[in-house]
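If you count by the numbering used here, then the sequence shown holds residues 8 to 346, one letter each, in order.
Down below is the structure, laid out as structure tokens.
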Amino acid sequence: MSHPAGRVLSLLELLQSQHRLTGAELARRLGVDERTVRRYATTLVDLGIPVTADRGRYGGYRLRPGYKLPPLMLTDDEAVAVLLGLVAAERLGLGTEEPATATAMAKIHRVLPAALAERLAAVQEHLGFTLRRAEPDARPATGTLLTLGAATRHRRRLRLAYRSWSGGTSRRELDPYGLVFHAGRWYVTGHDHLRGEVRTFRLDRIGEVVPGEETFTVPAGFDPVAQVTRSLAGVPYAHDVEVLLETDLATARRRVPPSVAELTTTADGVLLRARVEHLDGMAQLLAGLGWPFTVLRPDGLRAAVAAHARRLADWAGRSGGAGDWPRSGPSPPAGRGLD
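Following this line, the structure appears as structure tokens:
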């Protein structure tokens, strides 16, 4: 902000975020001299905001301890940024328990200038997302997310109740290595002491969670996102698939997400490994890649690819109006939960 009033507000924001700042540091951050900083501090005092200036080696400017700051003030640009973030969180399932996101949006809408609120409402009503919308029951409890976040930061072991995809419940001790939001769901990954290995858990299936006193160390180089996507690609499904793709690894990765399959470079191309519930869905995926491929296993996938090719040939040979288009086709593989 170049206007003096804007820099006065910037000074207030700096003092809110720091316990104490020297005049030299404030001058540097605001782009002014120390004399101007003193003038800005006096302006805040005149407005009833208790800014104190301490002299000496450990001196500097600070807000009086215990002072309750006024309500949050947002510029129009900041309000738009916050609202768009809330809209995305609501649509993609990034938020926690309902109706927190909706009520937060309503509160901001109420204090916006009428013209800006109307324009934002128009954007919100006509904004589309290419990512799928999360299921309502996939939202984690707010307390669960915050407790896991704190335990992950401070490296504290957790004790939690967990409900598996089959409905069974168990008590776990978990060293949380990281939180991941993927495809509309929240996950935590870390060392599970019950299984004795790194496992991945859905937050919406976690019940009671209690932080403990034991600490842990995250393995060097551990990547929570990579671990979660590998876990999702490796859940137990009906068919183990191996296909050799005649392309390079970089090209394959642009078309095949890590949550769908594991890709490995070989002398003859790229080896695709996956576990799927329905082979017809994998046949459709392979046909849409546009590269030659060899099905290594299972034999049923070869039959599924051949059947899909026959359907495509049949559809390509049709002529006439829209009534000749197929109204349905094989469904893509359906996913299951993890642990």
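In this text, a Cβ means the ideal position worked out from N, Cα and C, and glycines have one as well.
(1) Identify, in the order they occur along the chain, each residue of the same chain with its Cβ nearer than 6 Å to the Cβ of alanine 121, setting aside the five sequence neighbours on each side.
(2) Could you check if threonine 272 is buried or exposed, using at least 16 other CB atoms within 10 Å of its CB as the buried criterion?
(3) Taking the Cβ atom as the reference point for each residue, do leucine 152 and alanine 158 lie within a distance shorter than 8 Å?
(4) Alanine 294 and arginine 280 - do their beta-carbons sit closer together than 8 Å?
(5) When the Cα of alanine 48 is compared with those of Arg71, Leu19 and Ala316, which residue comes out closest?
(6) Just checking, does the stretch 293-313 make contact with the stretch 241-260 on the three C-beta pairs under 8 Å criterion?
(7) Going by other Cβ atoms of all chains shown within 10 Å of its Cβ, with 16 needed for buried, is leucine 210 buried or exposed?
(8) I need the DSSP call for proline 231, collapsed to helix, strand or coil.
(9) Expressed to the nearest angstrom, what Euclidean distance is found between the alpha-carbon atoms of isoleucine 56 and leucine 37?
(10) Closer than 8 Å is the cut-off here; do at least three beta carbon pairs connect the stretch 125-135 with the stretch 178-187?
(11) For alanine 109 and leucine 303, I'd like the C-alpha separation in whole angstroms.
(12) Should the stretch 62-69 be called in touch with the stretch 26-33, which here means at least 3 C-beta pairs below 8 Å?
(13) Could you check which residue in Arg117, Leu186, Gly150 and Thr43 has the C-alpha nearest to that of alanine 233?
(14) Alpha carbon to alpha carbon, how far is glycine 276 from arginine 261? Give it in angstroms, no decimals.
(15) Check for me: the alpha helix (DSSP H) holding threonine 29 runs from which residue to which?
(16) Between which two residues does the alpha helix (DSSP H) containing glutamate 284 stretch?
(17) Tell me the rounded alpha-carbon separation between valine 235 and tyrosine 194.
Result, derived from the coordinates:
(1) As a working note, residue 121 is residue 114 in the sequence shown. Closer than 6 Å at the Cβ level, and outside the excluded window around alanine 121, lies no residue.
(2) Mapped onto the sequence shown, residue 272 falls at position 265. The residue in question, threonine 272, is exposed, as its Cβ has fewer than 16 Cβ neighbours within 10 Å.
(3) Translated into positions along the sequence shown, residue 152 becomes position 145. Translated into positions along the sequence shown, residue 158 becomes position 151. No, Cβ-Cβ distance for leucine 152 and alanine 158 is not below 8 Å.
(4) Looking up residue 280 in the sequence shown gives position 273. Looking up residue 294 in the sequence shown gives position 287. Alanine 294 sits away from arginine 280, with the two beta carbons spaced by 8 Å or more.
(5) Your numbering for residue 48 matches position 41 in the sequence shown. Of the listed residues, the one whose Cα sits closest to alanine 48 is Leu19.
(6) yes
(7) Position 203 of the sequence shown, counting from 1, holds the residue named residue 210. Flag for leucine 210 reads buried.
(8) Within the sequence shown, residue 231 is the residue found at index 224, counting from 1. DSSP places proline 231 in helix when its eight states are reduced to three.
(9) What you label residue 56 is simply residue 49 of the sequence shown in a count that begins at 1. What you label residue 37 is simply residue 30 of the sequence shown in a count that begins at 1. Taking the straight line from one Cα to the other gives about 19 Å.
(10) no
(11) Start at 1 with the first residue of the sequence shown, and residue 109 comes out as number 102. Start at 1 with the first residue of the sequence shown, and residue 303 comes out as number 296. Going from the Cα of alanine 109 to the Cα of leucine 303 covers about 50 Å.
(12) yes
(13) The count along the sequence shown starts at 1 and reaches residue 233 at position 226. Ranking the options by Cα distance to alanine 233, first place goes to Leu186.
(14) Here the question's residue 261 lines up with position 254 in the sequence shown. Here the question's residue 276 lines up with position 269 in the sequence shown. Using only the alpha carbons, I get a separation of about 15 Å.
(15) The residue you call residue 29 lines up with position 22 of the sequence shown. No alpha helix (DSSP H) contains threonine 29, which DSSP labels as neither H nor E.
(16) As a position in the sequence shown, residue 284 is number 277, starting the count at 1. Segment: none, glutamate 284 is in no alpha helix (DSSP H) and carries neither H nor E.
(17) Reading the sequence shown from its first residue, position 228 is the one you call residue 235. Reading the sequence shown from its first residue, position 187 is the one you call residue 194. One C-alpha to the other measures close to 7 Å.
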